[in-house]
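Below: the structure, in structure tokens.
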Amino acid sequence: MSRAADALRRLIRHEGPVPVSRFMAEAMAHPEHGYYTSRTPIGSAGDFTTAPEISQMFGELIGLWMLDLWRRAGAPAPFCLVELGPGRGTLLSDALRAAGLDPAFAAAMDLHLVEINPGLRAAQGTALADYAPRWHDSLATVPPGPAIILANEFLDALPVRQFVRAATGWHERMVDVAGDDFTFRAAATPLPTGRDETTDGTCADGAIIELGPAREAIAAEIAHRIAEAGLAALVVDYGPANGMPGDSLRAVKAHREHSALADIGEADLSADVDFSALARAARAEGAAVRGPVGQGDWLRALGIEARAERLAAGAGGPAVAAAVHRLCDPGEMGTRFQVLALGAPGGPIPAGFGEPAT
Ligand SMILES: C[S@@+](CC[C@H](N)C(=O)[O-])C[C@H]1O[C@@H](n2cnc3c(N)ncnc32)[C@H](O)[C@@H]1O
413 MSRAADALRR LIRHEGPVPV SRFMAEAMAH PEHGYYTSRT PIGSAGDFTT
463 APEISQMFGE LIGLWMLDLW RRAGAPAPFC LVELGPGRGT LLSDALRAAG
513 LDPAFAAAMD LHLVEINPGL RAAQGTALAD YAPRWHDSLA TVPPGPAIIL
563 ANEFLDALPV RQFVRAATGW HERMVDVAGD DFTFRAAATP LPTGRDETTD
613 GTCADGAIIE LGPAREAIAA EIAHRIAEAG LAALVVDYGP ANGMPGDSLR
663 AVKAHREHSA LADIGEADLS ADVDFSALAR AARAEGAAVR GPVGQGDWLR
713 ALGIEARAER LAAGAGGPAV AAAVHRLCDP GEMGTRFQVL ALGAPGGPIP
763 AGFGEPAT
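Note that the sequence shown covers residues 413 to 770 in our numbering.
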């Protein structure tokens, strides 16, 4: 058993069952033995891989997307480029190589990285050494002003609350211990006020829904900054384009899916992102919301096929084609991953999106 599991078991024995959100927060972000504070999880030797690690094309297209947006917003200088959860720094390293086509962009940019993992901070420092990044534990300490904010597979790692349907209504799902094992049980806590109308009330007994208040709070914080000071945010993650996720909490270790209650602190816990809830939270702060659109359609609109053709003219043709398939095909990441943009009211429409949703 891991130190994270031991600590959680002690916590539950003293305080009683904890909501799934607290369980996720302790397992993932505990300052000493949380998954994201004690391990370097990304890549073939880690637990999972991500779009920027699949191909340089992903970061390069985001770099050109940023450059185009910045120019059409009047090239504000200085501005903050912020990435939430930058992993190994691969996305930004590829993006800044592409955006560096215009040296004025790099000259105007102050780079800020929000990251809690010390091993990943070190990797980011190496990958992004040319850009003098500054690190933060949260967005709150990033200076105010115009910003481009990127979050690829960041929000899915933040805690969700789960609620279980019973004859008496919705009840919060808790994590308890039975002997040495962890187990789920329902508590008396009902759905928070205002959330009941987001369910259709027809779910069968035992059905599970997820709410992500911590994620919505970050979407609101980002939207507030952008609506007030300008430029945009780009959120890429997995989850349904519309509607609330069901029971999507999962653990991944060494590229295989496990029960969420096994390997606590040693497996990556995540849950689908509710894009409609993020959009609602962002609109309430005055941001212009665009999307979500499927990752495949978005990357095609940005020109991934043309970029792939040029790359494939070198040695790695089949590998480039395989990467395009993985990033864009509906059976792979193409529709499972969504892209959402939050912009300033009256600001430019970011590339790859149509008119603002009403
Ligand atoms: C799934 S990884 C994605 C990494 C990167 N964006 C990519 O696409 O390769 C999640 C990232 O968010 C960071 N992270 C997780 N929880 C965090 C938190 N509460 N605050 C700041 N960073 C966090 C992780 O350390 C990691 O860098």
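Beta carbons: idealized from backbone N, C-alpha and C, even for Gly.
Using the rule of at least 16 other Cβ atoms within 10 Å of the residue's Cβ for burial, across every protein chain shown, is residue i buried or exposed?
i: Ser433; result: buried
i: Ala773; result: Residue 773 lies beyond the residue range present for the chain, which begins at 413 and ends at 770; the question has no answer from this structure.
i: Asp741; result: exposed
i: Ser671; result: exposed
i: Glu427; result: exposed
i: Asp542; result: exposed
i: Gly499; result: buried
i: Ser456; result: exposed
i: Glu717; result: exposed
i: Arg422; result: exposed
i: His667; result: exposed
i: Glu669; result: exposed
i: Gly766; result: exposed
i: Ala731; result: exposed
i: Pro604; result: exposed
i: Pro530; result: exposed
i: Asp695; result: Checking the sequence shown, residue 695 turns out to be Arg, not Asp. The residue in question, Arg695, is buried, as its Cβ has 16 or more Cβ neighbours within 10 Å.
i: Pro704; result: buried
i: Asp593; result: exposed
i: Gly537; result: exposed
i: Arg484; result: exposed
i: Pro555; result: exposed
i: Asn654; result: exposed
i: Gly759; result: buried
i: Asp617; result: exposed
i: Ala534; result: exposed
i: Arg597; result: exposed
i: Gly486; result: exposed
i: Gly591; result: exposed
i: Gly729; result: exposed
i: Ala544; result: exposed
i: Gly497; result: buried
Between which residues of its own chain and residue i is the CB-CB distance below 8 Å, once the five residues before and five after are set aside?
i: Arg415; result: Glu444, His445, Gly677
i: Gly658; result: Ala619, Ile620, Ile621, Glu622
i: Ile560; result: Met478, Leu481, Trp482, Phe491, Cys492, Leu493, Val494, Leu643, Ala644, Ala645, Leu646
i: Thr770; result: In this prediction, Thr770 scores a pLDDT of 46, lower than 50, which makes its location untrustworthy; the coordinate-derived value is nonetheless stated afterwards. So no residue of the chain qualifies.
i: Ala720; result: Met469, Val732, Ala733, Ala735, Val736
Residues in the same chain with beta-carbon distance under 6 Å from residue i, minus the five sequence neighbours each way, listed in chain order, please.
i: Ala489; result: Ala520
i: Leu628; result: Inspection of the sequence shows that residue 628 is occupied by Glu rather than by Leu. If we look at Glu628 and ignore the five residues flanking it on each side, its Cβ neighbours are Ala689, Ala693.
i: Gly471; result: Pro464, Leu503, Asp506, Ala507
i: Arg607; result: none
i: Ile474; result: Ala507
i: Ala626; result: Leu570, Pro571
i: Ala624; result: Correcting the residue type first, residue 624 is Gly in the shown sequence and not Ala. Closer than 6 Å at the Cβ level, and outside the excluded window around Gly624, lie Val572, Asp686.
i: Val589; result: Arg421, Ile424
i: Pro558; result: Pro488, Phe491, Ala641, Gly642, Leu643
i: Phe615; result: This sequence places Cys at residue 615; Phe is not what is there. Cβ neighbours of Cys615 beyond the five flanking positions: Arg577.
Residues in its own chain within less than 7 Å of residue i by CB, not counting five upstream and five downstream?
i: Pro768; result: A caution first: Pro768 carries a pLDDT of 47, below 50, which makes its placement in the model unreliable, though a value can still be read off. Ala700, Val701, Arg702, listed in sequence order.
i: Gly512; result: Ala518
i: Gly581; result: Pro602
i: Trp775; result: Here the chain comprises residues numbered 413 to 770, so residue 775 is not present and cannot be evaluated.
i: Glu744; result: His737, Arg738
i: Leu532; result: Thr452, Gly499, Arg500
i: Ala639; result: Glu697, Gly698, Ala699, Ala756, Pro757
i: Gly651; result: Pro657, Asp684, Val685, Asp686, Phe687, Gln750
i: Gly458; result: Thr452
I'd like to know whether the C-beta of residue i is nearer than 8 Å to at least one C-beta of chain B.
i: Asp418; result: Structure shown: chain B not included; a single protein chain is present.
message = Taking 8 Å as the cut-off, does the region 575-588 touch the region 509-529 (at least 3 CB pairs, one atom from each stretch)?
response = Cβ pair count under 8 Å is below three, so no.
Secondary structure, alpha helix (DSSP H): runs of 4+ residues fully inside the region 706-755 = 707-713, 716-724, 729-740
*asked:* Could you tell me which whole alpha helix (DSSP H) segments of length 4 or greater appear in the region 526-578?
replied: 530-539
For the structure I just gave you, are there three or more beta carbon pairs, one from the region 556-573 and one from the region 678-685, closer than 8 Å?
Yes, the region 556-573 touches the region 678-685.
- Query: Along the chain, which unbroken stretches of the alpha helix (DSSP H) at least 4 residues long are found entirely within the region 422-448?
  - Reply: Taking only runs of at least 4 residues, the alpha helix (DSSP H) segments lying wholly in the region 422-448 are 432-441.
Pairs of beta-carbons, one from the region 463-475 and one from the region 733-750, closer than 8 Å: are there three or more? yes
Check your understanding: Between the region 544-560 and the region 521-530, do three or more beta carbon pairs fall short of 8 Å?
Key -> yes
Practice item. Would you list, in sequence order, the uninterrupted beta strand (DSSP E) runs of no fewer than 3 residues that lie entirely inside the region 654-700? Key: Every unbroken stretch of the beta strand (DSSP E) spanning 3 or more residues and falling wholly within the region 654-700 is given here in chain order: 662-665, 668-670, 680-682.
Whole runs of the alpha helix (DSSP H) within the region 459-533, excluding any shorter than 4 residues
463-466, 468-484, 502-511, 515-520
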